[in-house]
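**Student:**
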Amino acid sequence: MLKRFLFAFIAFIGLIVPAAFALALLAAPPASPAPLQLPGCDRNLADASTNVAAMQTRLKGLDAREGKDVCTATRLYFLEVVKARAVTALCKSGPERERELGRMDADVEHINEAIAARCS
667 MLKRFLFAFI AFIGLIVPAA FALALLAAPP ASPAPLQLPG CDRNLADAST NVAAMQTRLK
727 GLDAREGKDV CTATRLYFLE VVKARAVTAL CKSGPERERE LGRMDADVEH INEAIAARCS
């Protein structure tokens, strides 16, 4: 009788422990990995920021009377901001990413309006 009890007990444990472990794994929330930092993101973000700042400086240095040059510089500035936005979208994450993208979207819209107004 003791032998039969031990056999049943071991069989019971052999079934319950793996089943309980499997249920625990299924019930656990999925692990969210840390955002993957793409190679070269720091450098690309720095380059994009430098290019946007250089275009801003160039645009501010132009006299408003230089119509064609202002239009060309504004279009180039627009392209630099769009490129910087793409790099930011790829390389940043979390709330900082959302803030930056929102700011850049507003800049792109503003620059596009300026191009439409000045450069027919």
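Numbering-wise, our numbering puts 727 at position 61 of the sequence shown, and it's gapless, one number per residue.
Glycine included, every Cβ here is placed at the ideal spot set by N, Cα and C.
So, under 8 Å CB-CB, Glu-762 and Met-721 are touching, yes? Tell me the CB distance rounded to an integer number of Å.
**Tutor:** Your numbering for residue 762 matches position 96 in the sequence shown. Your numbering for residue 721 matches position 55 in the sequence shown. 23 Å between Cβ atoms; not a contact.
**Student:** With distances taken from CA atoms, which of Ile-781, Ala-674, Asn-710 is nearest Thr-754?
**Tutor:** The residue labelled residue 754 in the question sits at position 88 within the sequence shown. When only C-alpha atoms are compared, the closest one is Asn-710.
**Student:** Ala-783 and Met-770: beta carbons closer than 8 Å?
**Tutor:** Position 117 of the sequence shown holds residue 783. Position 104 of the sequence shown holds residue 770. At least 8 Å separates the beta-carbon of Ala-783 from that of Met-770.
**Student:** Give every residue of the same chain whose Cβ lies closer than 6 Å to the Cβ of Asp-713, excluding the five residues on either side of it in the sequence, and list them in chain order.
**Tutor:** Locating residue 713 in the sequence shown gives position 47, counting from the first residue. Nothing meets the Cβ criterion.
**Student:** With distances taken from CA atoms, which of Leu-756, Cys-737, Ile-676 is nearest Ile-777?
**Tutor:** Here residue 777 refers to the residue found at position 111 when the sequence shown is read from its first residue. The option with the nearest alpha carbon to Ile-777 is Cys-737.
**Student:** Give the C-beta separation of Leu-704 and Leu-742 to the nearest angstrom, bearing in mind that I take them to be a contact with Cβ-Cβ under 8 Å.
**Tutor:** Looking up residue 704 in the sequence shown gives position 38. Looking up residue 742 in the sequence shown gives position 76. The C-beta separation of Leu-704 from Leu-742 comes to about 26 Å, leaving the pair out of contact by the 8 Å criterion.
**Student:** Report the residue from Ile-676, Ser-786, Lys-758 whose alpha carbon sits nearest the alpha carbon of Gly-607.
**Tutor:** Not covered by the structure: residue 607. The range shown for the chain is 667 to 786.
**Student:** From Phe-744, Met-667, Ile-682, Thr-716, pick the residue whose C-alpha is nearest to that of Glu-779; which is it?
**Tutor:** As a first step, residue 779 must be located in the sequence shown, where it is residue number 113. Closest option to Glu-779, Cα to Cα, is Phe-744.
**Student:** Exposed or buried, Thr-662, counting other C-beta atoms within 10 Å across all chains shown (16 or more means buried)?
**Tutor:** No answer is possible for residue 662: the residues shown for the chain start at 667 and end at 786.
**Student:** Using three-state DSSP, classify Gly-680 as helix, strand or coil.
**Tutor:** The residue labelled residue 680 in the question sits at position 14 within the sequence shown. Correct three-state label for Gly-680: helix.
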